[in-house]
Every structure is written in structure tokens, then in C-alpha cells.
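Participant: Just so it is clear: in the sequence shown, position 32 is 329 by our numbering, and no numbers are missing.
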Amino acid sequence: MKNKKIIKNLLIIIGLLFIFAGLILNDNLLYYPIGICLICLSLIDR
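1) Could you check if F315 is buried or exposed, using at least 16 other CB atoms within 10 Å of its CB as the buried criterion?
2) State yes or no: is the C-beta of G319 within less than 9 Å of the C-beta of I336?
3) Under three-state DSSP, which class holds N306?
4) Going by the beta-carbon positions, is the gap between L327 and L308 smaller than 9 Å?
5) Looking at the structure shown, is N323 part of a helix, part of a strand, or coil, going by DSSP?
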């Protein structure tokens, strides 16, 4: 149970990192969808 919560938090953090990378590198087409997908995956599996 606890491991699942840690994995969800990691998915959210990694997703945010991808979105920030998209902002910094100005390469939205690649990084935004990956980050959004990771965050959505973590939200779906609650």
C-alpha cells in the first residue's frame, strides 16, 4: 500500500520534471505530453 503511494508521487515528480524541461528547453511537443501522461497515470490509479 505504501509502495503504491511512493510510486504515484514519483510519477508526479517525474512528470513535472518533464514539463519544466519543456519550459526550459522550449521543446513543448516532446516533453509536455510525456509529463502530462505520467501525471495522468498517477491520478488514474488512485
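Glycine included, every Cβ here is placed at the ideal spot set by N, Cα and C.
Facilitator: So, from the data block:
1) If you number the sequence shown from 1, residue 315 lands on position 18. Under this definition F315 is a buried residue.
2) Position 22 of the sequence shown, counted from the first residue, corresponds to residue 319. Position 39 of the sequence shown, counted from the first residue, corresponds to residue 336. No.
3) As a first step, residue 306 must be located in the sequence shown, where it is residue number 9. It is helical.
4) Locating residue 327 in the sequence shown gives position 30, counting from the first residue. Locating residue 308 in the sequence shown gives position 11, counting from the first residue. No; because the gap between Cβ atoms is not below 9 Å, this pair is not in contact.
5) Counting from one through the sequence shown, the residue named residue 323 turns up at place 26. Reduced to three states, the DSSP call for N323 is coil.
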